[in-house]
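Comments concern the structure below.
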Amino acid sequence: MSLQAEEERVVTLPVRGAGSPARAVAAAGPEDAIDRALQALNTDRLRDDYQSQSSFLYLSEFLPADATQQLIDAANALLPEVNRNYLPGHKAGGSVSRHTIDRLAPYIAELYRSPRLIAWLEKITGDRLQLSPEDDPHAYALYYYTRAGDHIGWHYDTSYYDGRRYTVLFGVIDNSSCKLDYELHTKDPNKADVPGSVQYPPGALILFDGDKLRHRVTPSLEGEMRVSLTLEYVTDPNMRPWRRFISNMKDAIAYFGFRQVFRKAFGGKV
Ligand SMILES: [Fe+2]
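Using the UniProt record's numbering, the first residue of the sequence shown is number 1, and each one after it goes up by one.
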């Protein structure tokens, strides 16, 4: 950060009982953190990488340390809110939905809406991105791997929307042996599948088109803990009613529980 930018964040606060105002450094918001993150990147080259990998990009270092720490603090604070799920043969783990994040972790909600982050994602993907609808619990969510065997099997982040669905993953906490395994080009008949595997650390970023990247997270071991943050952006937030039903049932059973997913139908009273 430039000295000038640093000075702009120094604010003057009145201190009760003091003869002169004290100077304090204001906590940087996510927009400032994204600004610093993007200064270090060559976006044109990364767009080429994204395209050559069939709509997949991995950056082992993205978020500045202060922003990563905000996510770590939020992930720890939200541990009592984790909703555990178990789908035999496919998935085990915990989730915290955007509705809970809205109440208890506004930094994450603000990060999701960062205009600079969205503008950068649009340059990489070449798409005009929109926020997921208010009632989509995946819009931003934390995924927890805290017990032996927590994992998710091979899948796509299928879009039930009329347009494309993009997934952004941030590493938050990783005291685990879990790996994100993936296969590139599975939807491109002209390219051979290319397998990959990454153990992405806190502050890392992964971006992909949900319908194009086949992926899984390998099982955690006893005593391990891993938390990732996912952000979801769409190109068309409309959804056909029958797809809405399938999507809601999947989210209720596999991720967030019926209370979080169907809270709108219950008049927001759950
Ligand atoms: Fe996924």
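Beta carbons are placed, not taken as given, at the ideal position from N, Cα and C, and that holds for glycine.
Every value quoted in this text rests on a predicted model; they were computed, and no experiment measured them.
Cβ shell of residue i (< 6 Å), same chain only, five flanking positions each side left out
i: Leu59; result: Leu205
i: Ser132; result: Ala139, Glu232, Val234
i: Thr186; result: Asp193, Arg214
i: Asp181; result: Ser197, Arg216
i: Arg243; result: Tyr160
Top-ranked residue by Cα proximity to residue i, from the options
i: Ser54; options: Pro195, Asp188, Ala28; result: Asp188
i: Phe208; options: Phe170, Thr218, Gln260, Lys179; result: Phe170
i: Pro115; options: Leu213, Leu38, Glu61; result: Leu38
i: Pro241; options: Thr158, Asp162, Pro137, Gly126; result: Asp162
i: Pro219; options: Val198, Pro201, Gly149, Asp211; result: Gly149
i: Glu224; options: Ile173, Ile108, Tyr200, Val261; result: Ile173
i: Gly257; options: Leu41, Ala28, Val96; result: Val96
i: Tyr107; options: Ala40, Phe56, Gln70; result: Gln70
i: Arg103; options: Glu81, Ala119, Gly93; result: Glu81
i: Gly210; options: Met239, Tyr166, Gln51, Leu229; result: Tyr166
i: Arg226; options: Lys212, Gln199, Asp236; result: Gln199
i: Pro30; options: Lys191, Arg113, Asp181; result: Arg113
i: Lys191; options: Asp136, Ser52, Lys179, Asn42; result: Ser52
i: Leu79; options: Asp236, Arg164, Ser228; result: Ser228
i: Arg47; options: Glu122, Met239, Thr146; result: Glu122
i: residue 283; options: His155, Pro237, Ile72; result: Here the chain covers residues 1 to 270 and nothing more, so residue 283 does not appear.
Proximal residues to residue i (C-beta, below 8 Å), its chain only, five neighbours per side dropped
i: Lys91; result: Asn85, His151, Ile152, Gly153, Ala254
i: Leu87; result: Ile253, Ala254
i: Lys250; result: none
Secondary structure of residue i, DSSP reduced to three states
i: Tyr200; result: coil
i: Glu222; result: coil
i: Ser95; result: strand
i: Leu231; result: strand
i: Val10; result: Reliability fails at Val10, whose pLDDT of 35 lies under 50, so the model's placement of it is uncertain and the value that follows must be treated cautiously. Here Val10 sits in strand by DSSP.
i: Tyr160; result: coil
i: residue 323; result: The structure shown does not extend to residue 323, since the chain spans only 1 to 270, so no value can be given for it.
i: Arg84; result: strand
i: Asp129; result: Here residue 129 is Leu; the residue named in the question, Asp, does not match the sequence. Coil at Leu129, not helix or strand.
i: Ala74; result: helix
i: Pro106; result: helix
i: residue 274; result: In this structure the chain extends from 1 to 270, so residue 274 is not present and cannot be described.
i: Asp236; result: coil
Residue i burial status per 10 Å Cβ neighbour count (16 or more: buried)
i: Thr12; result: Per-residue confidence for Thr12 stands at a pLDDT of 33, beneath the threshold of 50, marking its modelled position as unreliable; no derived number is given.
i: Phe62; result: buried
i: Pro64; result: buried
i: Thr125; result: buried
i: Pro202; result: buried
i: Asn76; result: exposed
i: Ala74; result: buried
i: Ile246; result: exposed
i: Leu142; result: buried
i: Asn238; result: exposed
Residues that DSSP places opposite residue i in a beta bridge
i: Ala141; result: Thr230
i: Phe208; result: Phe56, Thr167
i: Asp174; result: Arg226
i: Tyr182; result: Gly196, His215
i: His151; result: Ala92
Proximal residues to residue i (C-beta, below 7 Å), its chain only, five neighbours per side dropped
i: Asp49; result: Leu57
i: Asp157; result: Arg165, Thr167, Gly210
i: Glu110; result: Gly29, Pro30
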